[in-house]
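Under this note's numbering, think of the first position of the sequence shown as 9, with each following residue one higher.
Think of the CB as a built atom: it goes at the ideal place given N, C-alpha and C, for glycine as much as any other residue.
A short worksheet on the structure shown next.
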Amino acid sequence: MNATELKSLAKQLGADLVGIAPRERWADLPPNQNPLSIMPQCQSVIVLGRKILRGAFRGVEEGTNFGSTYNMYGQSWMEFTFMPRVVIAITNEIESTGAEAVPMSGGTPAGENVSINVNTMANLAGLGAVGKGGFFLTRQYGIRQRFAYILTDAVLDGDPIDTPDFCDGCDACIKACPLNAYRPDNSIDTKLCNACSNGRTGGSALSCAPLDRFAASCGRACIVATEDKIQEKFSSPFRKRAVWTRDFFGVPTVTPLEDGGK
Ligand code: SF4
Ligand code: SF4
């Protein structure tokens, strides 16, 4: 199976994004982050993404429903039901060709000897890059995807590395943070994030986003800021009405939209 055939198959099996990082791009990573520490004969890392539906953010955006919208269809079922089905289906197909394939979740539990950074692999596989706000951005969906990956000894052509320029001239995520958690150097005070009640949620250690900020004020501001830049288009803007935020103590503020919403 060559790279083109693999990508076509992965799309048929439910992947929205597929990129390949060949061995020469990651072979020199430190042993505790290196795919070769898990699979010594690894030649290619196949990074798979599934988009998070824009609609999965709707309940949080409106401040009305967090659990049965984002927490299920945006987070836990995405990570632990929808994505593993795609990964295991593709690894089965690869192994049916005689190559070995190691299915990997997006995250690594604490205490493992080797912890591969899924965002690093997604970048080396040409899917995008981490932006100013700390989110991995793809041209197709902006921040709205989750990743997992497969290690294989199949030799596959790599995809060119690509860095979207969405953050140029933008600081919407930084301005949207009610707790001022972004430091001047754009690093993030994660202690403040862990106290944030603006849609932030905790992820599992196996998640590609253990501190899950996609639906928080910062993440939703990025959805708004990038909706004209990404490839997936909608017939109406994401933000429909006044923006809610809560301060460190949970005290709410509601800020009307300048245009009143569309
Ligand atoms: S809101 Fe703007 S600056 Fe922040 S991550 Fe998104 S594109 Fe980059
Ligand atoms: S999770 Fe909350 S505190 Fe952290 S950057 Fe986002 S909005 Fe700010």
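Would you mind stating whether residue i and residue j have Cβ atoms separated by less than 8 Å?
{"i": "A97", "j": "L14", "result": "no"}
{"i": "F256", "j": "L145", "result": "no"}
{"i": "Q153", "j": "R66", "result": "no"}
{"i": "A64", "j": "G75", "result": "no"}
{"i": "C185", "j": "S225", "result": "yes"}
{"i": "V163", "j": "S52", "result": "yes"}
{"i": "R254", "j": "S205", "result": "yes"}
{"i": "N125", "j": "Q41", "result": "yes"}
With burial defined as no fewer than 16 other Cβ atoms inside 10 Å of the residue's Cβ, what is the status of residue i: buried or exposed?
{"i": "S215", "result": "buried"}
{"i": "N100", "result": "exposed"}
{"i": "T89", "result": "exposed"}
{"i": "L135", "result": "buried"}
{"i": "D173", "result": "exposed"}
{"i": "S195", "result": "exposed"}
State the start and end residues of the unbroken beta strand (DSSP E) segment that holds residue i.
{"i": "M112", "result": "109–112"}
{"i": "V163", "result": "No beta strand (DSSP E) holds V163; DSSP gives it neither H nor E."}
{"i": "A29", "result": "25–30"}
What does DSSP give as the partner residue(s) for residue i in the beta ladder?
{"i": "Q153", "result": "K59"}
{"i": "Y190", "result": "I196"}
{"i": "D220", "result": "T209"}
{"i": "L145", "result": "A137"}
Which stretch, first to last residue, makes up the alpha helix (DSSP H) that contains residue i?
{"i": "T99", "result": "91–103"}
{"i": "R228", "result": "225–234"}
{"i": "G67", "result": "66–70"}
Taking residue i and residue j to be in contact with their CB atoms under 8 Å, please state how far apart those CB atoms are, rounded to whole angstroms.
{"i": "D54", "j": "Y157", "result": "The question names Asp, yet the displayed sequence has Ile at residue 54. Right, their Cβ atoms sit about 6 Å apart."}
{"i": "S45", "j": "V122", "result": "4 Å"}
{"i": "I182", "j": "I231", "result": "15 Å between Cβ atoms; not a contact."}
{"i": "L132", "j": "A217", "result": "Contact flag wrong, Cβ pair sits at about 18 Å."}
Can you find a heavy atom of ligand 4 that lies under 7 Å from the Cβ of residue i?
{"i": "C185", "result": "In the structure shown, ligand 4 is absent; the only ligands present are ligand 1 and ligand 2."}
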